[in-house]
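Reviewing the structure listed below.
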Amino acid sequence: MPLKPTKHIWFNNELVPWEEAKIHVLSYGLHYAAAVFEGIRAYSTKNGTKIFRLEDHIKRLFNSAKIYRMSMPYDFEQIMQASRTIITANKLNDGAYIRPIAFRGYNDLGLHASLDDGIDVAVAAWEWGAYLGTDGQEKGVDVCVSSWNKIAPNTIPVMAKASGNYLSGTLVAIEAKENGYDEGICLDSKGMVSEGAGENIFMVKNNEIFTPPLSSSILDGITRDSVIKIAESQGYEVIEREIVREELYLADELFFSGTAVEITPIRSVDRINIGNGSRGLITQEIQKVFFGLFDGSTPDDWGWLDSVE
Numbered sequence: 001m002p003l004k005p006t007k008h009i010w011f012n013n014e015l016v017p018w019e020e021a022k023i024h025v026l027s028y029g030l031h032y033a034a035a036v037f038e039g040i041r042a043y044s045t046k047n048g049t050k051i052f053r054l055e056d057h058i059k060r061l062f063n064s065a066k067i068y069r070m071s072m073p074y075d076f077e078q079i080m081q082a083s084r085t086i087i088t089a090n091k092l093n094d095g096a097y098i099r100p101i102a103f104r105g106y107n108d109l110g111l112h113a114s115l116d117d118g119i120d121v122a123v124a125a126w127e128w129g130a131y132l133g134t135d136g137q138e139k140g141v142d143v144c145v146s147s148w149n150k151i152a153p154n155t156i157p158v159m160a161k162a163s164g165n166y167l168s169g170t171l172v173a174i175e176a177k178e179n180g181y182d183e184g185i186c187l188d189s190k191g192m193v194s195e196g197a198g199e200n201i202f203m204v205k206n207n208e209i210f211t212p213p214l215s216s217s218i219l220d221g222i223t224r225d226s227v228i229k230i231a232e233s234q235g236y237e238v239i240e241r242e243i244v245r246e247e248l249y250l251a252d253e254l255f256f257s258g259t260a261v262e263i264t265p266i267r268s269v270d271r272i273n274i275g276n277g278s279r280g281l282i283t284q285e286i287q288k289v290f291f292g293l294f295d296g297s298t299p300d301d302w303g304w305l306d307s308v309e
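Right, dumping it as structure tokens:
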């Protein structure tokens, strides 16, 4: 869906007009996908606008930069505050999506970039609704197993949320859309279930919840972690293990998790209905607790909500 421009972008410690936040065409990050980023959501609550797990997202941003040997020019608290500032500067609240990004800028196009060579940082925010549609969160989405596999271990570090990692995701998403699906699911280099184009995946079978392990080339998702904690608080066991492709077809329930997708049920895979072909009861229960954090029906016992004001 097209971006909805806002008034400001935080760019290298200054608020600049949206249309003036520009980089040079010879920026290192553009040529080599040398960038790390985060996706964060803000929600309107009865106690003001809250950012979901802001500290954990910014920690991961810094960890991603560390993996790629990028020396961040601003400290942790500055990026935390920039994420709050961009919400208030643009008068955003419910449904706001925040995108911090750090990238190697205009300096040298040799692959041998130094640790602190020309790192630029921007934090943008805009209105962004349900990634796979509001109907999808209630009725479920139709997905396929992609012909594209996830990258193998020790090729590109999947624990870093880096721009280059999402080149494969774009192929998966485009292939799915062109074949009439809402989204695609990747298998890893061993042929086991990995994740969606940009989402983690959970499987429910016999009242147990399963999700692929980090060794299946998945992003260590923050919403994934939230789902695990929520499910356990509701008395469910969550098991991290390898999942074979055909288990997807025989699951009682499947759902995606992620900042953009939030929690979205999967109603079919490769045109095979999952369960009764609609949102399952356990998925619905986890959704209720998750979204309840923002309407006040779920107490924030985990300390996940960060105040913008």
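Quick note: the sequence shown uses the numbering used here, first residue 1, plus one each step.
Even glycine gets a Cβ: it sits at the ideal position worked out from N, Cα and C.
Handout entry: DSSP beta-bridge partners of Tyr43
Key = The residue given as residue 43 occupies position 43 in the sequence shown. Paired residue(s): Lys50.
Exercise for the section: For the stretch 124-140 and the stretch 74-91, state whether three or more C-beta atom pairs, one from each stretch, are separated by less than 8 Å. Expected result: yes
Practice task
Say whether the stretch 58-71 touches the stretch 280-287, bearing in mind that this needs 3 or more beta-carbon pairs closer than 8 Å, one atom from each stretch.
Solution key: Not touching, per the Cβ criterion.
Problem - Beta-carbon proximity list for Thr45, same chain, < 6 Å, skipping 5 on both sides - result: Translated into the one-based positions of the sequence shown, residue 45 becomes position 45. Hits under 6 Å: Phe294.
Exercise for the section: Tell me whether Pro100 is buried or exposed, calling it buried when 16 or more other Cβ atoms sit within 10 Å of its Cβ. Expected result: As a working mapping, residue 100 is identified with position 100 in the sequence shown. Burial call: buried.
Exercise for the section: Report yes if the C-beta distance between Glu199 and Val143 is below 7 Å; otherwise report no. Expected result: Position 199 of the sequence shown holds residue 199. Position 143 of the sequence shown holds residue 143. Cβ atoms of Glu199 and Val143: not closer than 7 Å.
Exercise for the section: Throw me the rounded Cβ distance for the Met72 and Ala102 pair, which I believe falls under 8 Å. Expected result: On the sequence shown, residue 72 is found 72 positions in, with the first residue counted as 1. On the sequence shown, residue 102 is found 102 positions in, with the first residue counted as 1. Sure, about 6 Å apart at Cβ, within 8 Å.
Handout entry: Alpha-carbon to alpha-carbon, Gly196 and Val172
Key = Stepping through the sequence shown from its first residue, residue 172 is reached at position 172. Stepping through the sequence shown from its first residue, residue 196 is reached at position 196. Using only the alpha carbons, I get a separation of about 8 Å.
Exercise for the section: Determine the closest residue to Asn107 out of His31, Asp56, Asp94, with distance taken between C-alpha atoms. Expected result: Within the sequence shown, the letter at position 107 stands for residue 107. Measuring from the Cα of Asn107, the nearest candidate turns out to be His31.
Practice task
Evaluate contact between the stretch 42-56 and the stretch 289-307, counting only Cβ atoms and requiring at least three cross-stretch pairs below 8 Å.
Solution key: yes
Problem - Test item: CB-CB of Ile243 and Val193 under 7 Å - result: The residue given as residue 243 occupies position 243 in the sequence shown. The residue given as residue 193 occupies position 193 in the sequence shown. Yes, the Cβ-Cβ distance between Ile243 and Val193 is below 7 Å.
Practice task
Report yes or no: is there a C-beta of chain C within less than 7 Å of the C-beta of Trp126?
Solution key: Considering every chain present, this structure includes no chain C. It has just one protein chain.
Problem - Beta-carbon spacing of Ser163, Gly105 below 7 Å - result: Against the sequence shown, residue 163 aligns to sequence position 163. Against the sequence shown, residue 105 aligns to sequence position 105. The Cβ-Cβ distance between Ser163 and Gly105 does not fall below 7 Å.
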